[in-house]
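Down below is the structure, laid out as structure tokens.
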Amino acid sequence: MVEQRTFWRGVIPHLVLWIGIAIVAFPVYLAFVASTHEPTIISNGQMPPWPGSQMLENYYRTIFIGTSGTTREPVGTMLLNSFIMAMVIACGKIAISIISAYAIVYFRFPLRMTAFWVIFVTLMLPVEVRIYPTYKIAADLNLLDTYAGLTLPLIASATATLLFRQFFMTVPDELVEASRIDGAGPFRFFKDTLLPLSRTNMAALFVILFIYGWNQYLWPLLITTRDEMQTIVIGIRKMIVTADAITEWQLVMATAMLAMLPPVAVVILMQKLFVRGLVETEK
Amino acid sequence: MAEVKLRDVRKTYTGGIEAVKGVSFDVPDGALCVLVGPSGCGKSTLLRMIAGIETITSGEIRIGERIVNDIEPSERDIAMVFQNYALYPHMSVYDNMAYGLRNRGTPKAEIETRVREAAKMLEIEPYLKRRPRDLSGGQRQRVAMGRAIVRKPAVFLFDEPLSNLDAKLRGQMRVEIKKLQRSLDVTSVYVTHDQLEAMTLADILVVLNLGQIEQIGPPLELYSRPASMFVAGFIGAPAMNFIPVRADGDGLSAEGGGLSGARGFAVPKQGAVLGVRPEHLTLSGIEGGALFDLEVMVVEAVGAETFIYGKLPTGKEVIVRLYDNIPKVGGRITVSAAREHLHLFDSGSGRRI
Ligand SMILES: Nc1ncnc2c1ncn2[C@@H]1O[C@H](COP(=O)(O)OP(=O)(O)OP(=O)(O)O)[C@@H](O)[C@H]1O
Ligand SMILES: [Mg+2]
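Protein chains in written order, with my numbering: chain A, 5 to 287; chain B, 229 to 581.
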């Protein structure tokens, strides 16, 4: 009786999990299968359920040569662009927000609370809302088609600042006082105590922000015009032609698979820290 | 080595809370001064001002020859042990102890010897590589002490360092702190609200109440001649019995009876409060002392001693500590206290008469 109950207790959650995994993984699997066949098979609408023989060839073409018609750049360049953008956005956001949170929590300066509320209010102003003025400024500063233009306007982050602020407020005051007695000034306290304590929080944020940066669509679409500045998310869209030409679906799918890899890698690599950052604080 | 001198020190927090209202006292070189008082009386505030992590609103604090009012904590030649230890969670025990020395640019070899020496003294050598979270409360406490010791400061400051420990460990650590302080011979200021800790540790005891000093002196003097009802009630456990009295001929009487004897007190017209400690009441009649007639309400045997909760006819409770001839509940007893163990306080101001 008891055994049976524990048996069902084990089975049902697993069943639910497996169904969930299947729902998420099936389209990914289809994309992978599509990326390994010849173009004609997919266009016919008769895609077989098993991977085909063209895998190496398709991926080689995607990464190093590019599609024949629409995007003249190979996906390798796009991957690099996307990676640079996501990295700079994630690191920049973390750096800026941890410093501003430090200022807001630990220093008394005029208009401190005003500064805090101004940052808070920008939560309501994501890029999409302020896209025209932001574009105008970027254009005036000659930032179109540069990495700076691609990343800078996305770096300021109210969310991350608030998150660090909340974390800093849970750090006991005595730690600051002990540091002062130990002869550590504001900079040393930040570097020797606050940064190491924020490690897990930073890791968790990094994962989230890297994916946020990687998935950017609207802003890169506006700010980049030259092919060699394209990010992969935009590249995929451009590969799908609606008129005249034939979409090379096997290459589109290969690109999609490649676009998925870096975020997945980041999540897998940082998984342990990520979970710790979300559930516990090292105190 | 240094003395600590406070002159009319005040602290008003932003928001107008007057936490410390003019406090002056001296701690001689090498002495252990205990600040004791109820919660919120300003003990921590005072200690933190000496440490330099709280600004001084007015007054003057000297450590050694220097006025330290405007000197950074790290320059004051002090070390502090916090109630929650405030160890750096991400550093090993060794690094926790070494951090302050490194910041001052102490040579590596010197740091190493000092940390090892302190670790040996505190018996925490096996844990030097561990993180604080992998230590027990008592071990963390020792690390916090170690961090203070390695700096070889002129003054140790302790803010309720034992209050997070269980009773047994607290007793052990209390003895160790005393020994350590004696052997290092460093001037120390120790904050606690535990009167037992205060009595056993102090060379000088400072009783604070509402941001002011109630009384200052050697612990036993405060015990035997408390300057006010506050001090009398605070020091000693169980607390002193207080009985409202008025003059009756040349003796005293309590309202509703039950008290006689106790001659030779100058009692003001409006009456006074008589204080007597449970441990000074005995069943044998004492010549010239005060006699109390009590109805026994509760008998509490603690082992070596027994506490009798008695009642005067007015219903006023009086606690008596006895060792033998324990009476039965509901019975009546007469206990007496010697003249020198009776304390009379003004019923208005609470000061000793
Ligand atoms: N940062 C602060 N701002 C305003 N008021 C404060 C501040 N710190 C303490 N106080 C007030 O000052 C008074 C004294 O506080 P303090 O911490 O010195 O008490 P304490 O004697 O150490 O008490 P405890 O035994 O509970 O630690 C209290 O009334 C407290 O509310
Ligand atoms: Mg306190």
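Just so it is clear, CB atoms sit at the ideal spot from N, CA and C, and this is done for glycine as well. These numbers were taken from a predicted model, which means no experiment stands behind them.
Around S183 of chain A, the same chain offers R192, F193, D196 and T197 as residues with beta carbons nearer than 8 Å, after the five sequence neighbours per side are excluded. P472 of chain B is bridged by DSSP to B:V501.
Neighbours of M308 of chain B across chain A, judged by C-beta separation under 7 Å: I185.
Per the DSSP secondary-structure output, G49 of chain A pairs with nothing in a beta bridge. Closer than 8 Å to the CB of E181 of chain A there is at least one CB belonging to chain B. Checking the 7 Å criterion, the Cβ of S391 of chain B is out of range of every heavy atom belonging to ligand 2. Ligand 2 approaches E388 of chain B closely enough that one of its heavy atoms is under 7 Å from the residue's Cβ.
Excluding sequence positions up to five before and after L213 of chain A, its CB lies within less than 6 Å of the CB of A94 and K97, all in the same chain and listed in chain order. One alpha carbon belongs to M261 of chain A, the other to S57 of chain A, and they sit about 17 Å apart. Sequence-ordered contacts of the stretch 319-340 of chain B with chain A read Y327, G328, N331 and R332 [C-beta pairs closer than 7 Å]. Chain B places a beta carbon closer than 8 Å to that of R192 of chain A, counting this residue as a contact. Sequence-distant partners of L436 of chain B (beyond 5 residues in either direction) whose C-beta falls short of 8 Å from its own C-beta, in its chain, are V251, L263, V264, G265, C269, G270, K271, L274 and E442. Cα atoms of L540 of chain B and P176 of chain A: separation of roughly 50 Å, rounded to the nearest angstrom. Nearest to I159 of chain A by C-alpha distance, out of A:P130, A:W121 and A:A35, is A:P130. Apart from sequence neighbours up to five positions away, the residues of its chain that approach V37 of chain A with a beta-carbon distance below 6 Å are P55, ordered along the chain. Contact annotation: A279 of chain B and M319 of chain B have beta-carbon atoms that are not nearer than 8 Å.
Listed by position along chain A, the residues whose Cβ is nearer than 8 Å to that of I281 of chain B are E181, R184 and I185. In the displayed model, S416 of chain B falls within a strand according to three-state DSSP.
When DSSP reads this structure, Y537 of chain B sits in a beta bridge with B:V526 and B:I547. Residue-level contact by beta carbon fails for A382 of chain B and chain A, as no gap is shorter than 8 Å. Under the 10 Å beta carbon count, Q234 of chain A is surrounded by 16 or more other beta carbons and is classified as buried. Within the stretch 257-277 of chain A, contact with chain B at the beta-carbon level (separation under 7 Å) is assigned to no residue. The closest heavy atom of ligand 1 lies less than 7 Å from the beta carbon of Y241 of chain B. Chain order gives no chain B residues near A107 of chain A, where near means a beta carbon separation below 9 Å; the closest approach is about 20 Å. In this structure, C261 of chain B has its CB at a distance of at least 7 Å from all heavy atoms of ligand 1. Taking each of B:N469, B:S488 and B:M457 in turn and checking the Cα distance to D478 of chain B, the smallest one comes out for B:S488. Taking all protein chains in view, the Cβ of N48 of chain A is surrounded by fewer than 16 other Cβ atoms within 10 Å, so the residue is classified as exposed. Secondary structure within the stretch 352-409 of chain B: the alpha helix (DSSP H) runs of 4 or more consecutive residues, fully enclosed, are 365-377 (chain order). Among the residues of chain B, those whose CB is under 8 Å from the CB of L201 of chain A are P317 and H318, following chain order.
The Cβ of P176 of chain A sits closer than 8 Å to at least one Cβ of chain B. Distances between the C-beta of G265 of chain B and the heavy atoms of ligand 1 include at least one below 7 Å. Taking a cut-off of 8 Å on C-beta distances, the stretch 159-172 of chain A does not touch the stretch 294-307 of chain B, as fewer than three cross pairs fall below it.
If you draw a straight line from the Cα of M89 of chain A to the Cα of R112 of chain A, it is about 35 Å long.
The DSSP-derived three-state label of V125 of chain A is helix. Excluding five sequence positions before and after R280 of chain A, the CB atoms of its chain that fall closer than 7 Å to its own CB belong to T204, given in chain order.
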